[in-house]
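Using my numbering, the letters of the sequence shown correspond one by one to residues 645 to 938.
Read through the structure below, which is laid out as structure tokens, and then see the notes.
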Amino acid sequence: MKSIITAFTAFFLMFAMVSEADAKRFGGGGFGKTFKTSPFASKKATPAKKDQQQAQPGQKKGGMMGGLMGGLLAGGLFAALLGSGAFEDLQIMDMVIMAALAFLAFKLFKGFMSGGARSRQQPSAAGFGGNQNQPRHNFEMPRDAGSQAAHNQEAPATQATGFNQNEVPFNLPEGFDQQSFIEGSLSHYRTVQESWNNGELETIEEYVSPELFAALSQQRNKLMIPPQTEILDLSAEIVRADQAGDSAEISILFRGVCKDDLEKSQDGIFDIWHLQRDLSTENADWVIVGIEAE
């Protein structure tokens, strides 16, 4: 019995390290609602990550140190177990059962961390999340009337190219300024990552639904060492837009490069934010209701 407990301790230590790596970036691992987005988004993202790696051949691959440390820790634990004779009374079937249980525990753990909030999340009766008493942000940055009108005439043709309306909707709200929204999103992405680094959860709360905030704050509070993630390069594009009743929905894809100042490594960014807005409320804010993050 003692050997089984020791083995499970080793497995769960490895799972904890996986969770720690996911939590270094805001929304790491994914939370909340998901929607089907443009099939072209993932195809275009893959070459971008390869180009980033080729452009910096001397740079470590993101998360490499974490992987090395995880391997060393796991190897040390198993070596200690084998050397101490903890497994000498175990039969092959015992090992198979332990491996199956460990795999099941891993799947349950990842499902809880990545998608636990998704099954619980329901739109609130008064809108689509966010603390209404908090000072709010504005995704759609103000533009002068002339440039906004010109952009609204040109943007649909450029942004909607390649979308199959039967698979991925692209129905923007009336008068929606895409360029301002994208510019605002880039600024807000950096803001929430900085707040994530500093543990400023009150700022995070302004951007997300209550259900999503509960899951994110739980993940952030579990971090033993504050992350030091710096955004080096970032771009964004809208990959889905739709309206359902009084709700407007936007999915925006972020691509870029970030740096982990603790591990001295760089990694690619490929995140999708799913946002909703209550059209029945005048000047309602866009609220993040789901995050997909690699």
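In this text, a Cβ means the ideal position worked out from N, Cα and C, and glycines have one as well.
Can you grab the Cα-Cα spacing for the pair residue i / residue j, in whole Å?
i: T925; j: D890; result: 9 Å
i: I894; j: M742; result: 44 Å
i: P854; j: E936; result: 17 Å
i: G819; j: Q837; result: 29 Å
i: E846; j: W930; result: 17 Å
i: Q823; j: A746; result: 48 Å
i: I869; j: Q920; result: 32 Å
i: S839; j: E850; result: 11 Å
i: C902; j: I913; result: 7 Å
i: K866; j: K908; result: 22 Å
i: I848; j: Q862; result: 12 Å
i: A858; j: V852; result: 10 Å
i: L860; j: E844; result: 12 Å
I'd like to know whether the C-beta atoms of residue i and residue j end up nearer to each other than 7 Å.
i: N841; j: P871; result: yes
i: R884; j: V812; result: yes
Counting only the same chain and skipping the five closest in sequence on each side, list residues whose C-beta sits under 7 Å from that of residue i.
i: K668; result: P871, T873, D904
i: Q778; result: Caution applies to Q778, whose pLDDT of 45 falls short of 50 and renders its modelled position unreliable; the value that the coordinates give is listed next. E849, E850.
Apart from the five residues on each side of it in sequence, which residues of its chain come closer than 6 Å, Cβ to Cβ, to residue i?
i: I896; result: S829, A880, I882, W917
i: G671; result: I935, A937
i: L942; result: Coverage of the chain is limited to positions 645 through 938, which leaves residue 942 absent and any answer about it impossible.
i: K705; result: Model confidence at K705 stands at a pLDDT of 43, short of 50, so the residue's coordinates are unreliable; what they give is reported in the following sentence. Correct list: empty, nothing qualifies.
i: A888; result: none
Out of the options, point me to the one whose CA is closest to residue i's CA.
i: D915; options: Y833, F825, I848; result: Y833
i: D911; options: L878, D886, E827; result: L878
i: L816; options: E936, D886, G900, I869; result: D886
i: I875; options: T835, F679, F825; result: T835
i: I826; options: C902, F783, E938, L906; result: F783
i: L814; options: F679, L856, E850; result: The amino acid at residue 814 is misidentified as Leu; the sequence shows Phe. Of the listed residues, the one whose Cα sits closest to F814 is F679.
Under a CB-based cut-off of 7 Å, is residue i close to chain C?
i: W840; result: No chain C is part of this structure, which consists of one protein chain only.
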